[in-house]
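Here is the structure we will look at.
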Amino acid sequence: IGSWMEPNTGQSWKKTSWESAKDLRLGRRFTFQQDKDAKHKARATMEWFKTKHIHVLEWPSQSPDLNTIENLWQDLKNAVHKHCPSNLTELELFCKEDWAKIGQKAGRDIP
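Numbering (this note's numbering), first residue to last: 374 to 484.
Okay, here's the thing in structure tokens:
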């Protein structure tokens, strides 16, 4: 359960994760997991979780990213970079072509 939220308001988080926790009748019996993005460890963000009494999973900075889409984005970035696109049209074309190839390698179509 989770998504990014604005540190000063928590609005995005409240609209997704909090409602999911309520729908599942979890109460406070869940742990929030974030990726390793620096803004997720910002003092304001961590204070927000603390004031809301929300348990946040400790996530080592050098741990592998277990979010599959993050790994696919990196694969796409690496593949497109090899083409050296010189304009937006080429960038879009290479992204679409390489995204389809990544989906084929993974054994499925990726929308």
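Even for Gly, the Cβ is constructed at its ideal location relative to N, Cα and C.
Only a predicted model underlies this, so the values are computations on that prediction, with no experimental measurement involved.
Collapsed DSSP secondary structure at Phe405 in the structure displayed | Strand.
What do you get for Asp345, buried or exposed, if any count of 16 or more other CB atoms within 10 angstroms of its CB means buried?
-> There is no way to answer for residue 345, as the model of the chain reaches only from 374 to 484.
Buried or exposed by the 16-neighbour rule on C-beta atoms within 10 Å, applied to Thr418 | Buried.
Look at the alpha carbon of Glu443 and the alpha carbon of Gln406, and state the distance between them as a whole number of angstroms.
-> When only Cα atoms are considered, Glu443 and Gln406 end up about 15 Å apart.
For the ligand GTP, is there a heavy atom less than 7 Å away from the beta-carbon of Val429?
-> By its list of ligands, the structure shown contains no ligand whatsoever, and the ligand GTP lies outside what it can speak to.
Exposed unless 16 or more other CB atoms sit within 10 angstroms - verdict on His413 = buried
Can you list, in chain order, the residues of its chain whose CB lies under 6 Å from that of Val429, leaving out five sequence neighbours each side?
-> Phe405 and Phe422
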